[in-house]
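Heads up, the thing below is written out as structure tokens.
In my numbering, the protein residues as written are 2 to 422.
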């Protein structure tokens, strides 16, 4: 696995690594794990950085392990947090953990019957039965308070307060690494750079209890070129669950990438060869208005997370909402995607038989403030129906797209739809 560190460095996925990792990788394949505390029922795009590191490890011959924190989720990791996380019930944590496997399987192969197949385990299996006295005797005695106070996750919270529960979190995560080392031969833990203290605590525990050598690698915490935290759109997380972030909005998040970030994100979040990335950037330099690398990034990620058909529909819906789609050729599924993103006026089908006054529809759909406003806009040519400048005064069944929708447009950027119920 001599290529793993080189590849991860080239893809921008390494912030720091333990000194002996390169020598260990030179000896052959390695098992590595990344942990996720299931505090939500979906991953978000910020979680994908260490997932991509695991995916490259698998592609280059290593064996990935995903640890779902059904046990550690009961405690809460203080790393990078200014306040203590709310405690979740065991039932909620178990449900959240179960929701993540399908999302992760878009990036990792979970064929456990084959060499290198990813495995998923829940640390509740070994942490929940663990007695307090046993934990203190077997684990706590290996760490001094002074050692723990030097960790950034602890120091950063000393002024605002840190409960004993969170203070002990690094020992619980260290126990995870020790358990995986002893039972599954896992020698490497990966995560975000805020996990460095927890990871090195696990390496220390393995050295003390097993006289073994383990390793750590952390990925950079992502920020945009503008200095904002990566992974948010309009202040909200961009989730992998389509019920939380629609495939269209997921697609738009990547398409709207700042030019200064797109090369870095192509390397981190896709498996595209360097030659392909270089080609898209060269084409972008000569035709920046086409946003070729941005669309390649969006299509790659949306296809991987939501499937090829949802990606196609998201791209087609994007073309419609940005004035580039031939509406008469659009299928019902794509129009349904558009309908989720704009204001919709629902009407009974029978109402279209006699026709609906266009001015009424424009007001009902929120594109005009009044009938008088609608009439003035129509007279000035400011409204379109199904992509064509509105000429008539009435909407009828003949205007329906896919037998169900009519697309209304004000100017170049404001859309609404009439939908037959």
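All C-beta atoms, glycine included, are put in the ideal place defined by N, C-alpha and C. Source: prediction; values computed, not measured.
Query: One or two residues paired with residue 17 in a DSSP bridge; Result: 219
Query: Residue range of the beta strand (DSSP E) that includes residue 124; Result: Counting along the chain, residue 124 falls outside any beta strand (DSSP E), and DSSP gives it neither H nor E.
Query: Coil, strand or helix - residue 321 by DSSP; Result: helix
Query: Alpha carbon of residue 392 to alpha carbon of residue 322, nearest angstrom; Result: 21 Å
Query: Complete runs of the alpha helix (DSSP H) confined to the region 335-413 [at least 4 residues]; Result: 350-354, 359-365, 372-380
Query: Close beta carbons around residue 81, own chain, < 6 Å, minus the five adjacent residues each side; Result: Unreliable positioning characterises residue 81 in this predicted model, as indicated by a pLDDT of 49, which lies under 50. The coordinate reading is nonetheless provided below. So the list reads 195, once near-sequence residues are dropped.
Query: Distance, residue 203 Cα to residue 137 Cα; Result: 15 Å
Query: Beta carbon of residue 421 nearer than 7 Å to that of residue 405; Result: yes
Query: Touch test, the region 375-394 against the region 340-354, Cβ-Cβ under 8 Å, three pairs minimum; Result: no
Query: Close-in-space but distant-in-sequence residues of the same chain around residue 361 (CB under 6 Å, 5 per side omitted); Result: none
Query: CA nearest to the CA of residue 188, picked from 267, 245, 363, 212; Result: 212
Query: Beta-carbon proximity list for residue 2, same chain, < 7 Å, skipping 5 on both sides; Result: 26, 29, 30, 31, 61, 62, 63
Query: Residues of its chain near residue 278, where Cβ-Cβ distance is below 6 Å and the 5 sequence neighbours each way are ignored; Result: 267
Query: With 16 other Cβ atoms within 10 Å as the buried cut-off, status of residue 39; Result: buried
Query: CA-to-CA distance, residue 124 to residue 398, given in whole angstroms; Result: 58 Å
Query: Burial state of residue 4, where buried means 16 or more other Cβ atoms lie within 10 Å; Result: exposed
Query: Three-state class that DSSP yields for residue 2 in the structure shown; Result: coil
Query: Collapsed DSSP secondary structure at residue 32 in the structure displayed; Result: strand
Query: Exposure of residue 216, with buried meaning 16 or more beta-carbon neighbours within 10 Å; Result: buried
Query: Three-way DSSP call (helix, strand, coil) for residue 279 in this model; Result: helix
Query: Backbone CA spacing between residue 275 and residue 417 [nearest angstrom]; Result: 41 Å
Query: Outcome for residue 186 when other beta-carbon atoms lying within 10 angstroms are tallied against a minimum of 16; Result: exposed
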